[in-house]
Amino acid sequence: MYPAQFDYRRAGSVDEALGLLQEHEDAKLMAGGHSLIPMMKLRLAQPPVVIDIGRLDELKGIAEAGGSVRVGSLTTHADIAASDVLAAHCPVLAEAAGHIGDAQVRNRGTIGGNIAHADPGSDIPPVLVLLGASVHLQSPSGTRSVAAGDFFQDLLMTDVGEDEILTHVDVPALGAGTGSAYLKFEHPASGYAVVGAAASVTVQNGRCTAAGLVVGGVGAVPTAVDVSSLVGTDLSDDAIAAAASGLDAEDPIGDIFASGDYRVHVGKVYGKRALAAARDRA
Amino acid sequence: MARVLGTSIKRREDPALITGRGKYTDDLQAAGMAHAAIVRSPYAHARIRGIDTSAAEALPGVLAVLTARDVAAAGIPGVVPVGWLLPDLKTPAHPMIAADTVRHVGDAVAVVVAEDRYLARDAAERVAVDYEPLDAVADVVAALEDGAPAVHEEAPGNVAFDWEIGDSESVDAAFASAANTVELDLRNNRLIPHAIEPRAVLASFDSSTGEMTIHMTSQNPHVHRLLMTLASLGMPEHKVRIVAPEVGGGFGSKIHHYADEAIVGLCSMKLDRPVKWAATRTETNLTDAHGRDHSTHCALALDADGRITGLRVDTAAAMGAYLSTFAPAVPTYLYGTLMSGQYDIPAIHCHVTGVFTHTAPVDAYRGAGRPEATYVVERLMHLAGEATGLGPVEVRRRNFVPADAFPYQTQVALAYDSGNYGPAMDRALEMIGYDDLRTEQASRRGNGGGKLIGIGFSSYIEACGLAPSAVVGSLGAQAGQWESADVRVHPTASVTVYTGSSSHGQGHETTFSQIVADKLGIAPEAVEVIHGDTDLVQFGMGTYGSRSAAVGGSAIVKSVEKIIEKGKKIAAHLLEASAEDLEFEDGSFRVAGSPDRALALGDVALQAYLAHNYPDDLEPGLSATSFYDPANFTYPFGTHVCVVEVDTETGSIDLLRYAAVDDVGNVINPMIVDGQLHGGLAQGIGQALWENAVYDDSGQLVSGSLMDYAVPKIHNLIPFELDRTTTPCPHNPLGVKGVGEAGAIASPAAVVNAVVDALAPFGISHIDMPLTPEKVWRAVNG
Amino acid sequence: MTVSIQLEVNGKPVQATVEPRRLLVHFLREDLGLTGANIGCETSLCGACTVLVDGDAVKSCTMLAAQADGASVTTIEGLARNGDLHPLQEGFWEKHGLQCGYCTPGMILSANYLLAQNPSPSDEEIREGLKGNICRCTGYHNIVEAVKYAAERMS
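Residue numbers (this note's numbering), protein chains in the order written: chain A, 51 to 332; chain B, 21 to 802; chain C, 614 to 768.
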C-alpha cells in the first residue's frame with residue numbers, strides 16, 4: 051500500500067522525457083500509472099526515478115488519416131471506448147477498451163501504459179494483433195514502428211527499449227463488409243480476461259473473403275489462430291467451429307481459477323462465438 | 021400515534037455516512053500519534069534463528085522495533101487466549117509475537133513504530149529475520165495423515181479436539197434397515213471474511229494515569245477488554261477503555277481478539293504515545309480469522325416412504341495454526357446441533373475432529389457452523405429427492421417437523437421453540453413459478469441446447485442468540501451470553517439507551533430507538549442509542565450470531581418495563597390512586613376506568629428527578645439497567661429457491677432468479693431486515709460460486725488479494741425476491757428471532773442444488789464449492 | 614525529495630508539499646483531513662477510495678498526489694451543496710443503499726460519474742457502471758434502487 055521512495059520528474063515534452071530516461075538509470079515512465087502504481091504499492095516495483103509523462107498532450111488523441119486510425123499512447127481507455135472515430139473505423143478496439151477493468155480504471159489507464167505492461171489478461175493486445183496495428187516508438191536516435199504481433203514478446207515483456215517511449219499506435223481501418231467482435235471471459239476477482247477473443251470477418255456476396263481470430267489470456271502473448279479455412283465459405287456455424295478449434299497454445303498459462311487446458315478450451319469456444327458475432331455484424 | 025414497530029424508518033446512522041463524516045478507526049488522529057507496521061512471517065512454518073533490527077532502528081523517524089523479547093521484558097502474559105473450551109481440547113499457547121517458531125504466513129515476528137505510516141513500512145522491510153523453513157501442512161485432510169508436519173507438539177496428529185453428538189448406534193440401526201440411502205463427500209470451502217474496512221487499532225496509553233484507551237475495529241468492545249486484561253496485555257480491566265467507532269463491517273472477523281491490538285497497545289505503553297496500526301487488505305486477509313474449511317463425509321437413510329430414518333456426519337474442521345477466540349465452538353455446538361434442519365429425524369450422529377493446520381486461524385464467519393450444517397443437510401435432501409423419486413419439494417415436505425409438533429426436541433440437543441415450515445415452502449414455490457420453471461427446464465433439455473436451467477432449494481433452520489448462559493457455560497463458553505441495556509429517561513422525557521450490543525452496519529441505533537419509542541409511546545427521535553464504548557456502556561457481549569434484536573433488544577424491553585413499573589408508582593402518588601389501578605398506554609399513565617385521570621410520561625419523568633411530590637419509599641430518578649439472559653436460542657427458518665442457467669460448453673453459471681421466504685419472527689424495521697438478508701445472500705452465493713481461500717502445499721495463501729479472491733461484485737449478482745412468513749418467537753418479549761446470518765446460511769445449498777439440478781442429465785450429483793466454470797465443465801465432460 | 618502541488622479540492626484552492634510517493638488518498642485523508650474516501654484494498658479493485666478528478670471517477674489509491682497537481686478534486690465531503698444533500702446521497706439514505714457505510718463515499722461518487730455519463734441508466738447499466746466498487750454488506754440490491762431513485766430526481 052505504501053510505495054518505496056523515489057524521485058519524481060515531470061516531462062514537459064517527449065524530448066524532455068527521452069532526456070530524463072537517458073539521465074536516470076532504471077527510471078520508469080508513468081502514463082496513467084494504472085499498471086505501475088499497483089506494482090509500486092506492493093513494492094514489486096521500486097524504481098529510483100519515475101518520469102511522469104501523463105501530461106504530454108502530443109501523445110493524446112484519436113484521429114483517422116489515410117485508412118488508419120492513430121491512437122496516441124496517452125489516450126485513456128474511456129476515450130477509446132467512447133470514440134466515434136473508432137466506432138466508425140475500428141469498432142472492435144473500442145469494444146475491447148470498454149471491457150477493461152471498471153469505469154475508474156478506464157478513466158486513468160492508457161493504451162500505451164496498458165500495452166507496455168503487456169499483461170496476458172489485458173483486453174487490448176489481442177485486438178491490436180488482430181487488426182495488424184503497428185506500435186510506434188521514439189528514442190533519441192529516432193522513431194521506429196513494430197507490428198503488434200512482434201511487439202508482445204513474452205509475459206510482461208515487449209519490444210520497448212530502455213531508451214524508448216511508446217508514442218502511438220496505428221490501427222488499420224476495417225473495410226466495407228467487415229464485422230468484428232471482442233468477447234471476454236472475465237476473471238471474477240481481478241476483472242482481467244481469463245480469455246479474450248478478438249475476431250473479424252469480411253463478407254462479400256455472401257462469401258467470406260477474409261477472417262481473423264486472436265485470443266488473449268491463453269498464452270503469454272496473444273495467440274493468433276489460423277482461420278483461413280473460412281475464406282470462401284458461407285461462414286456456417288460448423289465452419290466457424292472447425293476454424294476456431296485450431297487454437298493451439300504450446301504452454302498455456304494457468305492459475306487457481308482456470309488451468310491452461312481449460313483456457314485453451316474456452317479460447318476455442320469464445321473464438322467460435324466471437325467469429326459468429328463478427329459474421330452477424332458483417 | 022403511528023406504529024413504529026414494523027415500520028421502515030430511515031436510518032439515523034446514514035447522514036454521517038453518506039457525507040463522509042462517519043469516523044472509522046483509521047480516520048482518527050491523536051496528538052503525537054505514531055504509526056506501527058507489523059513484520060510478518062513469509063513462511064507457513066519456520067524456526068526463527070535470529071532477528072536483526074538494527075537497520076530498521078537506524079532509519080531516521082523510527083521510534084521503536086519490538087520483538088518477542090520485548091513482550092517478555094514487559095512482564096505481561098503476552099498470549100492470545102481461546103474463549104471456548106471443549107473436553108480434552110489442546111490449547112497450545114498463541115504468543116502475541118512469535119518467539120521461536122512461526123506457524124502460518126502472517127504470524128507476527130516484530131513490530132516497527134515510526135513517525136509516518138510510509139516510514140514504518142520502509143523500516144519493517146529492513147527487519148532481517150533469519151528463518152529456518154520447516155515442512156508445513158495447510159490442508160485439513162493432509163494434516164490428519166500419518167507423518168504430517170506437526171503444528172504444535174502438544175497436539176499429536178494435529179488433533180485439537182475430537183467431539184461428537186447424537187447416538188451412533190441408533191444411526192447404524194437406521195442405515196441397516198434403510199430402504200434408501202444417499203451419501204456424499206464434500207468440502208466446505210475456506211472463506212476470507214473481507215469486511216471492507218480492514219482491521220485497525222489506535223492505542224493511547226497515558227503513563228500519568230496508567231490508563232489505556234484503544235479505538236479499534238470491534239464487534240464486542242467489552243469482550244476485547246476482558247480478553248486483553250485476562251491474557252495478552254494483562255492490564256487491570258478498569259484501566260482499559262475500548263471504543264469501537266464506526267466499524268466497516270465485521271461478519272465475525274471483528275469478534276475475535278487478535279495479537280495485533282495487544283501488539284499496538286504494547287507499543288503505546290513502551291513509547292507513552294498514541295500508536296496507530298491499520299492493516300492493508302493483504303495483511304488483514306493473511307491474519308483475519310477465516311471461515312468454514314471442512315471436509316465431510318455424510319449420509320442419510322430413508323424408509324420406503326421417503327421418511328428420513330437416520331443421518332450420519334463425520335467432519336474434519338480446520339482450526340488453523342492457533343485456536344481463535346470462539347473457534348472450538350463453531351464446528352461443534354454451532355454445527356452438530358443444527359443437523360436436524362427442518363426435519364423430524366429420529367437418529368442423528370455427528371462426529372467432528374478439530375485440526376491444526378499451518379494457516380490463518382478459522383473462527384466464526386457469518387453463520388458460523390450453521391451454513392456448514394445447512395449445506396450438509398440440504399445437499400443430502402437434494403440427493404434424497406432424486407434417490408426416492410419424490411423430488412426436492414416433496415421429500416422436504418414429507419420430512420418437515422409438523423406444525424403441531426412444537427416445541428420439538430431434536431436428537432442433537434436443540435429444542436426448537438416454534439416453527440411452521442410448510443407455508444414458507446408454499447410461498448417460495450408460488451413466487452418462483454415452480455411448475456412453469458420445470459416445464460421450461462424440460463423443454464431446454466429436450467431441444468439439445470447448451471444452456472440448461474436448474475432449480476435448487478434450501479430449507480434451512482438457524483439457531484441464534486446462544487443461550488441461556490448457564491447452558492452455554494456448561495458447553496465450554498468462557499463468557500456469558502446475555503445482553504445488557506441501561507435505559508435512562510431524562511427529566512424532559514427524552515431517552516438515552518446504553519446497549520451492550522455493538523453495531524457495525526446493522527442499524528441498531530435506528531432499530532433500538534424504534535423499540536423504545538414503541539414501548540414508551542414517544543417519537544423515535546426522542547431516543548438516543550449509545551453503544552461500542554466500555555467507558556460509557558455497562559458490560560455487554562456485543563454483536564454477532566444474529567443476537568442483537570433478540571437478546572439486546574429484549575434487554576431494552578426489560579429495562580423499559582421496569583421504568584414503566586416505577587413510573588406507575590410515581591403517577592399513582594401524583595394522581596392519588598393505587599399503582600395497581602394504573603395503566604400505561606401511548607405515553608400516558610392512566611387510572612383504569614377514569615380516562616381523565618392521566619399523566620404524560622414527561623410529567624412523571626420530571627417529578628422523578630424533582631422528587632418534590634414523591635412516594636416516600638421510592639428512590640428518585642427514572643432509569644433501569646437490565647441483563648437479559650434468554651431462555652433458549654431463537655429459531656428462524658425459511659425456504660430459498662435459486663434458478664441458474666449453466667452453459668455446458670464453458671461451465672459458466674448465470675444466476676437467473678433468487679427467491680427467499682424467511683421467517684425471522686416479528687420484524688422491527690422491514691427495510692433493515694431485508695437489507696440484512698440481501699447481504700447474507702450475496703455472501704452465501706459468493707461462497708457457492710466464487711469465493712475460495714486457497715493455500716498451496718507450502719502454506720502460501722494464493723488467493724490473498726482481491727486479484728484472486730472473488731468477492732461478489734455488483735454485475736455478478738441479481739435482484740433478490742424476498743417475502744416472509746411470521747411465526748413469532750414465543751420466549752422473548754419482542755417475538756423477534758434474528759436475521760443477520762439467514763441469507764448466508766441458506767444460499768450456498770440453494771445455489772449448488774440448482775447447478776446440480778441443471779446437470780442431472782449428465783449424471784452429476786455433486787460439485788464442490790466454489791462452482792468455478794472449470795469445475796463445472798470438467799464435471800460435464802467426465 | 615518533495616514536490617510542490619497546487620490543486621482545488623471541493624472548490625477550495627490547496628497548496629502543499631508532498632513526497633512523490635504519497636498517494637492521493639493519503640494526501641486527502643491525512644494531510645487535508647478529508648477522511649470520507651476510504652481504503653479497502655491495495656489492488657485498485659474495491660473502489661472505496663473513489664473521488665472525482667476533473668469530473669472523472671478515479672481510484673485515489675492509484676494516483677499520486679503529485680499527479681493531481683493542477684486538478685480539481687471532489688470528495689464526498691464536497692458533494693452536498695449549501696447543506697442540501699445530493700440526490701444520490703438522498704437515494705442511498707432513502708433506499709437503504711448502505712449498511713456499514715465504508716464503501717459508500719466511493720460508491721456514491723462512482724454513481725455520480727455514471728449519471729453524468731448516462732442520466733437514465735437501466736438496471737444493467739447501473740450494475741455495469743458500478744463494477745469498480747465493492748460493497749460487502751448490501752448485496753447491491755438497494756444500491757441499484759438508490760441510483761435509480763437519484764436518476765429520477767435528477768432528470
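For each residue, glycine too, the CB sits at the ideal point set by N, CA and C.
Treat the numbers as computed from the prediction; the structure is a model and nothing was measured.
1. Cβ closer than 7 Å: which chain C residues qualify as neighbours of B:Met691?
2. Report yes if the C-beta distance between B:Ala404 and B:Pro381 is below 9 Å; otherwise report no.
3. Can you tell which of B:Ala215, B:Pro62, B:Gly387, B:Val202 has its C-alpha closest to the C-alpha of B:Pro656?
4. In the structure shown, what three-state DSSP assignment does B:Val396 receive?
5. Just confirm the distance between the C-beta atoms of B:Leu322 and B:Ala198, as a whole number of angstroms; I'd bet it's less than 8 Å.
6. In terms of residues, what are the limits of the beta strand (DSSP E) holding A:Arg120?
7. Please list the terminal residues of the continuous beta strand (DSSP E) segment that includes B:Leu742.
8. For chain A, check one thing: does any of its Cβ atoms lie closer than 9 Å to the Cβ of B:Leu709?
9. Note the first and the last residue of the continuous beta strand (DSSP E) segment covering B:Ile550.
10. Out of B:Ala54, B:Ile692, B:Tyr436, point me to the one whose CA is closest to B:Pro294's CA.
11. I'd like the list of long-range same chain contacts for B:Tyr428, defined as Cβ closer than 8 Å, with 5 residues on each side in sequence excluded.
12. Does B:Trp502 come out as helix, strand or coil in the three-state DSSP assignment?
13. Whole-angstrom Cβ separation of A:Ala308 and A:Val251, contact assumed at under 8 Å?
14. Label B:Asn652 either buried or exposed according to how many other C-beta atoms from any shown protein chain fall within 10 Å of its C-beta, with 16 as the threshold for buried.
15. Give a yes or no on whether 9 Å exceeds the smallest Cβ distance from B:Glu665 to chain A.
16. At a cut of 8 Å, does the stretch 148-167 of chain A reach the stretch 61-73 of chain A through at least three beta carbon pairs?
17. When DSSP builds the beta bridges, which residues end up paired with B:Ser672?
18. Can you list the residues of chain A that B:Leu797 reaches, using a CB-CB cut of under 9 Å?
19. Tell me which residues share the same chain as A:Ile47 and place their Cβ nearer than 8 Å to its Cβ, disregarding the 5 neighbours each side in the sequence.
20. Run through chain A and tell me which residues come within less than 8 Å of C:Thr663, C-beta to C-beta.
21. In angstroms with no decimal places, state the Cα-to-Cα distance between B:Val415 and B:Val722.
22. Is the separation between the beta-carbon of C:Thr687 and that of C:Val757 shorter than 9 Å?
23. Compute the Euclidean distance between the alpha carbons of C:Leu636 and C:Gln619, then round it to the nearest angstrom.
24. Run down chain C in chain order and give the residues with a C-beta less than 9 Å from the C-beta of A:Pro238.
25. Would you mind giving the Cβ-Cβ distance between A:Val264 and A:Gly227, rounded to the nearest angstrom? I have them listed as a contact below 8 Å.
26. Can you pull the chain A neighbours of B:Leu675, defined as C-beta to C-beta under 7 Å?
27. Work out the CA separation of A:Asp129 and B:His235 for me, nearest whole Å.
28. Quick check on DSSP: helix, strand or coil for B:Trp297?
29. Does DSSP classify C:Ser782 as helix, strand or coil?
30. So, does the CB of B:Val722 fall closer than 9 Å to a CB anywhere in chain A?
31. What is the DSSP secondary structure of B:Ile691, counted as helix, strand or coil?
32. Between the Cα of B:Val82 and those of B:Met339, B:Asp142, B:Ala680, spot the shortest distance and give me the residue it belongs to.
33. According to DSSP, is A:Tyr320 part of a helix, a strand, or is it coil?
34. Please name the residues in the stretch 81-105 of chain A whose beta-carbon is closer than 8 Å to at least one beta-carbon of chain C, in chain order.
35. Taking B:Lys733 as the query, report the chain C residues whose CB atoms sit under 7 Å from its CB, ordered along the chain.
36. Just how far apart, CA to CA, sit A:Pro97 and C:Leu692?
Taking the structure as given:
1. His709
2. no
3. B:Gly387
4. helix
5. 6 Å
6. 118-122
7. 741-744
8. yes
9. 547-550
10. B:Ala54
11. Asp364, Val421, Ala435, Tyr436, Gly439
12. coil
13. Wrong, their Cβ atoms sit about 27 Å apart, outside the cutoff.
14. buried
15. no
16. no
17. B:Asp667
18. At residue 797 of chain B the sequence reads Trp, which differs from the Leu that was named. Going along chain A in sequence order, the residues near B:Trp797 (Cβ under 9 Å) are Tyr312, His315, Val316.
19. Only positions 51 to 332 of chain A appear in this structure, which leaves residue 47 of chain A out of reach.
20. Gln154
21. 41 Å
22. no
23. 15 Å
24. Those within 9 Å of A:Pro238 in chain C number zero; the least Cβ separation is about 11 Å.
25. The Cβ separation is near 20 Å, so there is no contact.
26. Simply none; closest approach about 13 Å.
27. 44 Å
28. strand
29. Lying outside 614 to 768, the shown extent of chain C, residue 782 of chain C is not represented and no answer is given.
30. yes
31. Going by the sequence as given, residue 691 of chain B is Met instead of Ile. Three-state DSSP puts B:Met691 in a helix.
32. B:Asp142
33. helix
34. Gly83, His84, Ile87, Pro88, Met90, Lys91, Leu92, Val100, Asp102, Gly104
35. Lys744, Ile747
36. 37 Å
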